[in-house]
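Residue numbers (this note's numbering): 583 to 748.
The beta carbon of each residue, even a glycine, is placed where N, CA and C say it ideally should be.
Here the structure is laid out as structure tokens; the discussion comes afterwards.
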């Protein structure tokens, strides 16, 4: 195994079937958790990219006469007009319900930083998923081998004893 097993020097071929099965379940749960985290980070990255696109397409270079559609949710927009010809500032959601007024280039830089951070985190998660997949395949192979050998032993023991009771 790649992570914990190497640190502890664990040889999974020495584990009984029950422990291998538990290890397989745990690795499957960890893999599912990592996959869910990956999907959530991808969605957050897409939202930040949408924010960048909204600033570039909807705010930069617009004047008072330009109608805008402001997103309240991903599917709900409200019509608006810039309040002044100086529409070079936007409110940026910096998290947990806090908003900061930033100039549009600074807002784009802020969101680009968020996208870059998420890209790095996604890479880390993708590497962790690869390791967990490898570990899971290894455990499944050992488990399959042990189950098959136990079945062969049971057939060997059960096949010769059929006529003893006669």
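Below 8 Å between beta carbons: does that hold for residue i and residue j?
{"i": "residue 640", "j": "residue 650", "result": "yes"}
{"i": "residue 732", "j": "residue 606", "result": "no"}
{"i": "residue 623", "j": "residue 711", "result": "no"}
{"i": "residue 703", "j": "residue 634", "result": "no"}
{"i": "residue 672", "j": "residue 684", "result": "yes"}
With residue i as the anchor, note down where its alpha helix (DSSP H) starts and where it stops.
{"i": "residue 654", "result": "Residue 654 -> no alpha helix (DSSP H), and no H or E assigned at all."}
{"i": "residue 618", "result": "599-636"}
Going by DSSP, what residue range makes up the beta strand (DSSP E) through residue i?
{"i": "residue 673", "result": "671-677"}
Have a look at the DSSP bridge pairing and note the partners of residue i.
{"i": "residue 683", "result": "673"}
{"i": "residue 734", "result": "For residue 734, which the question treats as bridged, DSSP gives no partner whatsoever."}
{"i": "residue 662", "result": "650"}
Pick out whichever of the options has its Cα sitting closest to the Cα of residue i.
{"i": "residue 696", "options": "675, 712 and 739", "result": "675"}
{"i": "residue 717", "options": "598, 600 and 611", "result": "611"}
{"i": "residue 595", "options": "730, 724 and 739", "result": "724"}
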